[in-house]
Amino acid sequence: MRKGIEIMTTKCFTSRRDFLKSSAIGGAAAAAAWSLPSAHAATTTATATAAASAKGTIASRVSLAAGDDRANIAFKSLEPFKKEIAAAIGAKRIILKPNNVIINVPLCASHADNLEGILEFLKSIGKTNVVIAESPANGSCMESFSNYGYNKFVAKYGVKLANLDDDKFDTVYCVDEKDFQPKACRMSKMLLDTKNNFVISAAVLKTHDIVGITLSLKNIVVGAAIKDQNGARGARNDKRLTHGGGFHGISYNLFALSSMLHPDLAVIDGYQGMEGTGPVHGTPVDQKVCIASLDWLAADRVGAELMGVDFNKIGYLKYSADAGDRGQGDLSKIEIVGPPIKDHAKTYQLPRNWDKIQSWQQPTMIA
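In short: position in the sequence shown from 1, add 1284, done, that's the numbering used here.
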């Protein structure tokens, strides 16, 4: 690991023996039945469209675009939904959330060209009230914006840049698998405020050494967790709390929090993905695709397919699909707008600890 970089990795975790004896967290039915308490006044549910698609009454639509121009394929992936997106945004402010895990590794972050394609699309439908907002795992998001070339968007598109770590927050509750006690976790009000904000997850196709793969949902949930900087609020990093102390805990927390923290629009950049030791230290995969959908779960389902990863082995996504109210996880009920997935699918190298990641499926015993 690079000196001076602190991120959430498997090294943070203790033995699975610390997890609850005969825990039902490995079972999606039990996971779906347990609801986290929250100080957030009105815990939102998934959109009516996503819920209906999950029940099979309508088909979710996912756009897939391919080509040699990164910005152009982002734009093209959004075009089929321009009427629906414009209507969904209405008068809301748009929060464009990139995936800048850390501030100085370009491969791990949302590329400026992808964001430009999204911003050009929004401009084309008359939506220009946009805030690019982020909270990296390490360092200042403003430094990441400079490093990754986002500052130019202020003058070009009139966007605002925001540091979520300076944002007001609400308290929600995560669990830690070591004791399964609720842990108070500060989450950005900006990303929780679905009444006034329309959230776009500008994610990247990447492997992840704790959950297997990271796509549109994880970008929002973990990005919403507040970390302290320069002692302004103390010395806490609540992103650790979302990780739940291990493979079981993080899978459950991402699922449970997805009811209140999820993108309204998923845009997943696969122009150059990451395989191996993601989400930071992996290697590039040149794929030249982009995914977009108003159903985040359907978008993540297609993302897994494009990566050659078994969707049912990604704990938080499996829980979300089984819950039946988060979106569409059944590929047979997802309409692909664009070329067939098989024409662009690759087989990503999995993290070296894949077998340990899969422990989310098994209850563990307390010593």
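All C-beta atoms, glycine included, are put in the ideal place defined by N, C-alpha and C.
Given that a residue counts as buried once 16 or more other Cβ atoms are within 10 Å of its Cβ, and exposed if not, what is residue i?
i, result
"residue 1563", "buried"
"residue 1345", "buried"
"residue 1368", "exposed"
"residue 1374", "exposed"
"residue 1460", "buried"
"residue 1465", "exposed"
"residue 1618", "buried"
"residue 1554", "buried"
"residue 1421", "buried"
"residue 1522", "buried"
"residue 1646", "exposed"
"residue 1438", "exposed"
"residue 1636", "exposed"
"residue 1330", "With a pLDDT of only 40 at residue 1330, under the threshold of 50, the placement of this residue in the model should not be trusted, and no figure is reported."
"residue 1509", "buried"
"residue 1442", "exposed"
"residue 1604", "buried"
"residue 1313", "Unreliable placement is indicated for residue 1313, whose pLDDT of 34 sits below 50; no coordinate value is reported for it."
"residue 1631", "exposed"
"residue 1444", "exposed"
"residue 1440", "exposed"
"residue 1639", "exposed"
"residue 1602", "buried"
Quick one: measure Cβ to Cβ for residue i and residue j, integer angstroms, because I've assumed they're closer than 8 Å.
i, j, result
"residue 1349", "residue 1400", "The Cβ separation is near 15 Å, so there is no contact."
"residue 1644", "residue 1492", "Residue 1644 to residue 1492, Cβ: 13 Å. No contact."
"residue 1425", "residue 1525", "Residue 1425 to residue 1525, Cβ: 19 Å. No contact."
"residue 1446", "residue 1487", "About 18 Å separates the two Cβ atoms, so there is no contact after all."
"residue 1485", "residue 1381", "6 Å"
"residue 1495", "residue 1552", "Not a contact, Cβ separation roughly 15 Å."
"residue 1590", "residue 1625", "6 Å"
"residue 1511", "residue 1430", "Not confirmed; about 19 Å, so no contact."
"residue 1556", "residue 1628", "Contact flag wrong, Cβ pair sits at about 13 Å."
"residue 1468", "residue 1409", "Wrong, their Cβ atoms sit about 39 Å apart, outside the cutoff."
"residue 1550", "residue 1482", "No, residue 1550 and residue 1482 are not in contact; Cβ-Cβ is about 12 Å, not under 8 Å."
Following the continuous beta strand (DSSP E) through residue i, name the residue where it begins and the one where it ends.
i, result
"residue 1499", "Counting along the chain, residue 1499 falls outside any beta strand (DSSP E), and DSSP gives it neither H nor E."
"residue 1381", "1377–1382"
"residue 1447", "1444–1447"
"residue 1519", "It is not in any beta strand (DSSP E) - residue 1519 carries neither H nor E in the DSSP assignment."
"residue 1570", "1567–1570"
"residue 1415", "1414–1418"
"residue 1389", "It is not in any beta strand (DSSP E) - residue 1389 carries neither H nor E in the DSSP assignment."
"residue 1577", "1573–1577"
Which partner residues does residue i have in the DSSP bridge list?
i, result
"residue 1470", "1455"
"residue 1486", "1382, 1551"
"residue 1345", "1619"
"residue 1481", "1377"
"residue 1492", "1496"
"residue 1556", "1570"
"residue 1511", "1521"
"residue 1350", "1573"
What is the residue span of the alpha helix (DSSP H) that residue i lies within?
i, result
"residue 1403", "1396–1408"
"residue 1593", "Residue 1593 -> no alpha helix (DSSP H), and no H or E assigned at all."
"residue 1431", "1425–1431"
"residue 1357", "1354–1362"
"residue 1638", "1638–1641"
"residue 1632", "Run containing residue 1632: none; DSSP gives neither H nor E here."
"residue 1533", "1531–1541"
"residue 1599", "1599–1607"
"residue 1439", "1436–1441"
Is any heavy atom of the ligand NAD found at a distance shorter than 7 Å from the C-beta of residue i?
i, result
"residue 1450", "Here there are no bound small molecules, and the ligand NAD is not part of this structure."
Hey, is the stretch 1492–1501 in contact with the stretch 1389–1409, meaning 3+ C-beta pairs nearer than 8 Å? no
Inspect the CB distances between the stretch 1607–1614 and the stretch 1539–1546 and report whether three or more fall short of 8 Å. yes
Spell out a yes or no on whether the stretch 1468–1482 and the stretch 1433–1452 are touching, meaning 3 or more CB-CB pairs, one atom from each, closer than 8 Å. yes
Is it a yes or a no for the stretch 1594–1605 touching the stretch 1372–1392, going by three-plus beta-carbon pairs under 8 Å? no
Looking at C-beta atoms only, is the number of pairs between the stretch 1564–1577 and the stretch 1357–1372 that lie closer than 8 Å three or more? yes
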